[in-house]
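In the numbering used here, the protein residues as written are 11 to 597.
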Amino acid sequence: MENTPKLQAGLTMQLFKSKANAALEDIVLQYPEPHILTFPNYLAFYVGALLDEKITSKIVQKIVPISGIGSSQERGTIFFFTTSDNSSINEILNLYQYIPNYTKVMLVIPRGTAQIQRAIAEKGYVVATQTNESNNNNDLKINNPSVQVAIYDFPADFLPIGTDFFLLPCFHSFYKLNIQSDFEDIYNSARALSKIESLFGHIPHVMCAGINAARVHQVLNQFNAGQKAQMKIPQIDSLIIIDRNVDLITPLTTEVNVEGFINAAFNIQYSSVIPKVMGMDDPIVLTEYNEVFRTIRMMPWHRMREYVTAVQGKIDERLESLKARQGEFTKDYAQLKSLQDMKPKIEKLFNLANEAIKKLKQDTPAFDEIYSSEFQLLQHHSCIDLAENLVLIYNDWRNALRLLCLEDACGERRSASDVAKIQNEISNEFGLENCLESFLNLEKTRFLSSSEFRVPLRGCLEKLDVMGPVDENNDPTDACGTALGGFVPPSVRFVQKFAEGETAWLSKNFSDKIYINESGQKPNREPGETRRIIVFFVGGVTSTEVGTIRNIGRSYYNGEIEFIVGSTDKISYNRFLDQICPFLENC
Numbered sequence: 011m012e013n014t015p016k017l018q019a020g021l022t023m024q025l026f027k028s029k030a031n032a033a034l035e036d037i038v039l040q041y042p043e044p045h046i047l048t049f050p051n052y053l054a055f056y057v058g059a060l061l062d063e064k065i066t067s068k069i070v071q072k073i074v075p076i077s078g079i080g081s082s083q084e085r086g087t088i089f090f091f092t093t094s095d096n097s098s099i100n101e102i103l104n105l106y107q108y109i110p111n112y113t114k115v116m117l118v119i120p121r122g123t124a125q126i127q128r129a130i131a132e133k134g135y136v137v138a139t140q141t142n143e144s145n146n147n148n149d150l151k152i153n154n155p156s157v158q159v160a161i162y163d164f165p166a167d168f169l170p171i172g173t174d175f176f177l178l179p180c181f182h183s184f185y186k187l188n189i190q191s192d193f194e195d196i197y198n199s200a201r202a203l204s205k206i207e208s209l210f211g212h213i214p215h216v217m218c219a220g221i222n223a224a225r226v227h228q229v230l231n232q233f234n235a236g237q238k239a240q241m242k243i244p245q246i247d248s249l250i251i252i253d254r255n256v257d258l259i260t261p262l263t264t265e266v267n268v269e270g271f272i273n274a275a276f277n278i279q280y281s282s283v284i285p286k287v288m289g290m291d292d293p294i295v296l297t298e299y300n301e302v303f304r305t306i307r308m309m310p311w312h313r314m315r316e317y318v319t320a321v322q323g324k325i326d327e328r329l330e331s332l333k334a335r336q337g338e339f340t341k342d343y344a345q346l347k348s349l350q351d352m353k354p355k356i357e358k359l360f361n362l363a364n365e366a367i368k369k370l371k372q373d374t375p376a377f378d379e380i381y382s383s384e385f386q387l388l389q390h391h392s393c394i395d396l397a398e399n400l401v402l403i404y405n406d407w408r409n410a411l412r413l414l415c416l417e418d419a420c421g422e423r424r425s426a427s428d429v430a431k432i433q434n435e436i437s438n439e440f441g442l443e444n445c446l447e448s449f450l451n452l453e454k455t456r457f458l459s460s461s462e463f464r465v466p467l468r469g470c471l472e473k474l475d476v477m478g479p480v481d482e483n484n485d486p487t488d489a490c491g492t493a494l495g496g497f498v499p500p501s502v503r504f505v506q507k508f509a510e511g512e513t514a515w516l517s518k519n520f521s522d523k524i525y526i527n528e529s530g531q532k533p534n535r536e537p538g539e540t541r542r543i544i545v546f547f548v549g550g551v552t553s554t555e556v557g558t559i560r561n562i563g564r565s566y567y568n569g570e571i572e573f574i575v576g577s578t579d580k581i582s583y584n585r586f587l588d589q590i591c592p593f594l595e596n597c
């Protein structure tokens with residue numbers, strides 16, 4: 011039976027949540043009751059995980075998503091959590107006309123921008139001014155609620171999920187950076203990292219892969235120039251920043267580990283999921299603190315099933331043993347109680363995983379064929395025949411397009427006539443007007459394009475050894491490849507090379523294709539002392555990358571390195587293209 015992976019010490023980041031809740035209390039108590047907290051739908055889980063119920067229960071009378079706010083002539087204060095996302099700001103501003111008498115307060119994570127102020131002015135509203143000369147952002151004056159809006163920079167830059175994973179509340183970060191050329195998330199990323207440095211010490215050693223990674227590092231240096239860290243001796247040895255563009259293969263590749271298909275089926279949000287199947291209607295929290303989930307989260311389906319069977323057999327065996335030795339009940343009680351507590355947890359997670367894989371195969375009848383085709387793509391075979399069959403037989407445009415884009419990411423170069431034929435087929439199905447924006451976005455990212463891919467990985471895959479070794483049962487023997495049936499994400503290989511001091515090798519092999527940079531030096535550690543490395547993804551991270559990077563610290567490096575993973579946002583293979591192709595909403 012599998013041993014439960016050791017829980018990493020990580021970083022104690024709960025202090026950041028405490029500071030955010032203290033700031034919320036300071037702001038809310040300045041304004042007239044009743045107090046209502048609201049937020050766009052995409053921030054629901056973020057806000058829910060952020061808020062401390064002990065505080066909000068005392069100062070807030072109602073918490074509801076924006077969709078639950080109706081027209082009202084009542085008075086009070088509505089606090090709007092939001093990011094600088096344009097669609098969210100517009101949704102909030104459009105609602106203001108229906109609540110004219112409420113005092114309106116925007117809590118912008120992490121900061122209000124000039125663009126937000128322009129949007130407010132264009133709608134005919136005025137940003138409230140400070141009531142004193144101390145430039146205190148916690149003291150804004152509202153004289154006329156019907157036309158004034160208070161804006162606060164809200165210090166919830168990121169949400170800690172355990173001690174070794176954190177996420178920013180960015181929305182479609184890849185799209186904003188690479189399609190809109192909106193670099194607000196570069197600033198937000200650097201600011202979040204600077205907040206971590208302010209508490210745990212300046213990180214002396216930084217490695218970057220990709221242009222957006224370099225941009226984050228540049229802005230981070232600007233923050234550091236005017237900031238003092240609380241700790242002179244850094245608790246974090248190194249920072250690895252990965253631009254999503256460096257590896258666009260992984261977010262298009264089916265995740266076949268337990269966490270991956272739960273996420274693909276039910277969309278895990280900040281460690282919480284509401285599957286709404288088999289009576290599971292309440293949020294289920296999936297974190298490293300749950301030792302059962304910690305054990306199975308990166309297992310493929312068959313290994314998880316073997317593990318569950320073995321654990322349930324052990325529990326039943328111990329129960330029978332205890333019945334035969336009732337006189338030693340007290341001695342055995344603690345161990346038995348632990349096993350009894352574990353059994354329903356295992357059954358619940360097994361049922362959740364089982365329903366997830368069932369849903370994925372119901373939604374995608376060609377699930378197994380698609381997965382097999384992905385491995386062939388990595389070995390430079392074409393998927394065009396399968397893509398055509400997915401459309402003709404199953405009307406599965408989403409997966410057909412995903413396979414074509416994955417083929418592009420693996421280095422396939424299409425002719426202009428082939429691109430035109432594919433676009434014509436899509437236009438016939440969805441209408442040119444509905445598809446034009448998507449075609450432009452795909453061209454800009456070099457998906458479905460006759461132009462050379464932005465970061466061509468055809469020559470990189472073999473050098474990075476993305477197909478790890480397997481045993482006689484075809485099970486991966488490389489600790490990095492257990493999550494994807496032997497495939498190791500290129501991003502993970504980059505992390506390995508950086509962690510092992512092989513930046514020069516990366517520069518030699520990839521600097522003509524990928525921006526590679528290293529600055530500073532890692533501090534010297536005593537023998538046996540754990541080295542901590544933050545790996546931060548700009549433009550989104552998959553659950554497989556998070557889990558694999560976390561696991562290699564424990565198994566590949568025998569606990570000598572602890573990886574803490576962070577990202578602008580979480581992405582999934584079956585939803586990644588949605589931010590680029592709006593017409594997929596109709597699939």
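The C-beta atom is built at its ideal place from N, Cα and C for all residues, glycine as well. If you're wondering where the values come from, they're calculated on a predicted model, not measured in any experiment.
Checklist entry - Can you tell me whether DSSP reads Asp579 as helix, strand or coil? => result Of the three classes helix, strand and coil, the one that applies to Asp579 here is coil, per DSSP.
Checklist entry - Does DSSP put Val243 in a helix, a strand or coil? => result It is Ile, not Val, that sits at residue 243 in the sequence shown. Three-state result, Ile243: coil.
Item to check | Closest Cα partner of Glu462 within the set Ala419, Gly236, Leu249 and Arg225 | outcome: Ala419
Item to check | Residues bridged to Asn100 (per DSSP) | outcome: Asn100 is not bridged to any residue.
Item to check | Expected contact under 8 Å - CB spacing of Ile126 and Ile152 to nearest Å | outcome: With 8 Å as the limit, Ile126 and Ile152 do not qualify as a contact, their Cβ atoms being about 17 Å apart.
Checklist entry - What's the C-alpha gap between His45 and Tyr280? => result 25 Å
Next on the checklist: Among the candidates Gly549, Gly122 and Ile109, whose CA atom is the shortest distance from the CA of Ser191?
Outcome noted: Gly549
Next on the checklist: What does the alpha-carbon distance come out to for the pair Val159 and Leu47?
Outcome noted: 15 Å
Item to check | In chain order, each alpha helix (DSSP H) run of at least 4 residues that lies wholly inside the stretch 229-299 | outcome: 268-276
Next on the checklist: For Glu1 and Phe520, what's the separation of their Cα atoms in angstroms?
Outcome noted: Absent from the structure is residue 1, since the part of the chain shown begins at 11 and ends at 597.
Checklist entry - Could you give the C-beta distance for Asp174 and Gly122, rounded to a whole number, given that I count them as a contact under 8 Å? => result That belief does not hold up - the Cβ atoms of Asp174 and Gly122 are roughly 31 Å apart, past 8 Å.
Item to check | Candidates Leu359, Phe49 and Ala32, of which the one nearest Lys68 by Cα | outcome: Ala32
Checklist entry - Does Asn231 have its Cβ less than 8 Å from a Cβ in chain B? => result The chain inventory of the structure shown lacks chain B, comprising one protein chain alone.
Checklist entry - With 16 other CB atoms within 10 Å as the buried threshold, where does Ala235 fall? => result exposed
Next on the checklist: Using the Cβ count rule (16 or more neighbours within 10 Å means buried), how would you classify Tyr299?
Outcome noted: exposed
Checklist entry - DSSP puts Asn527 in a beta bridge; with which residues? => result DSSP output for Asn527 lists Cys218 as bridge partner(s).
Next on the checklist: Do Thr374 and Ile380 have their beta-carbon atoms positioned less than 8 Å apart in this structure?
Outcome noted: Yes, these two residues count as a Cβ contact at 8 Å.
Item to check | alpha helix (DSSP H) segment containing Ile88, residue limits | outcome: Run containing Ile88: none in the alpha helix (DSSP H); it sits in the beta strand (DSSP E), Gly86 to Thr92.
Checklist entry - In chain order, which continuous runs of the alpha helix (DSSP H) of length 4 or greater are located wholly inside the stretch 368-397? => result 377-388
Next on the checklist: Which residues does DSSP list as the beta-bridge partners of Tyr162?
Outcome noted: Leu117
Checklist entry - Using the rule of at least 16 other Cβ atoms within 10 Å of the residue's Cβ for burial, across every protein chain shown, is Trp515 buried or exposed? => result Exposed is the call here.
Checklist entry - Can you check whether the CB of Ser383 is closer than 8 Å to the CB of Leu413? => result yes
Item to check | Segment contact, 8 Å Cβ cut-off, at least three pairs: the stretch 218-235 with the stretch 545-564 | outcome: yes
Item to check | Residue range of the unbroken alpha helix (DSSP H) whose run includes Val548 | outcome: According to the DSSP assignment, Val548 belongs to no alpha helix (DSSP H) but to the beta strand (DSSP E) extending over Arg541 to Val548.
Checklist entry - In terms of DSSP beta bridges, what is Met477 paired with? => result Phe497
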